[in-house]
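Counting from 8, one number per residue, gives the positions in the sequence shown under our numbering.
Cβ atoms here follow ideal geometry from the backbone N, Cα and C, with glycine treated the same way.
Since the model is a prediction, treat every value here as computed from it, not as a measurement.
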Amino acid sequence: MKVSICNEIFKSWRLEETFEHISRLGYDGIEIAPFTISNDVRRIGRDKREEIRDLASSYDLEIVGTHWLLVGSEGLHITHPDGNIRRSTQRYLFELIRFTSDIGGRILVFGSPKQRSIPDNVSYEKAWGYAREIFLACSRFAEDYGAIIAFEPLTRRSTNFINTAEEAIRLIEDVSHPNFRLNLDVYSMLDEGKPIP
């Protein structure tokens with residue numbers, strides 16, 4: 008088993024400080040939250056991407072992937088009724104897949120509670136269809152990069168769309184692509200109300 012940590016808790020630190028500290032604590036890997044580097048992943052140039060990859064290597068850390076994918080970026084949403092917003096979100100997710108690959112990562116954890124919550128004027132079924140369409144396109148794109156999109160069910164306090172592992176598995180089965188998988192978070196799973204064995 009490998010133990011990794013997300014860099015978001017060190018967002019006020021310089022990247023090198025973060026990598027050095029995480030390595031010293033004995034972690035095997037790091038998950039990068041792109042918003043800690045820039046609110047728009049498209050603004051993170053090739054030199055910065057190489058620096059991140061090189062820092063991980065120099066501190067013997069694996070970049071597991073990315074997390075908090077849509078945080079910090081404005082106007083992105085996967086269940087919005089406006090097709091232009093959904094298409095922009097899909098294109099941005101393509102850029103996140105490229106970024107993750109460029110820094111040496113493989114897994115993109117999709118939580119992004121605000122950017123997936125169902126707007127008042129959208130039915131659950133419509134939202135499901137919108138999400139399915141985006142994740143199928145992104146999974147096909149991710150395949151070319153050897154990347155995995157790992158969908159994370161989140162608590163009802165965080166979002167009104169896909170709160171249980173069961174719902175997430177249904178979406179994964181509906182998308183039906185090997186590059187679209189599940190990421191389980193213990194905190195969110197505790198909200199399901201099921202007893203812990």
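First and last residue of the beta strand (DSSP E) that includes Phe158? Segment 155-158, the beta strand (DSSP E) holding Phe158.
For Thr96, name the three-state secondary structure that DSSP assigns. Note: Thr96 maps to helix in three-state DSSP.
For Ser146, does the three-state DSSP call read helix, strand or coil? Under the three-state reduction of DSSP output, Ser146 falls in the helix class.
Can you find at least 3 beta carbon pairs, one from the region 101-112 and one from the region 78-93, that sit closer than 8 Å? No: the two stretches stay apart, fewer than three of their Cβ pairs being nearer than 8 Å.
What is the DSSP secondary structure of Ser65, reduced to helix, strand or coil? Three-state result, Ser65: helix.
Mind checking Pro41: buried by the 16 CB within 10 Å criterion, or exposed? That one is buried.
Between which two residues does the alpha helix (DSSP H) harbouring Arg177 extend? Looking at the DSSP string, the run of the alpha helix (DSSP H) that includes Arg177 is 172-182.
Quick one: give me the first and last residue of the beta strand (DSSP E) that Phe187 is part of. Its beta strand (DSSP E) spans residues 187-189.
Just how far apart, CA to CA, sit Asp192 and Val182? Taking the straight line from one Cα to the other gives about 21 Å.
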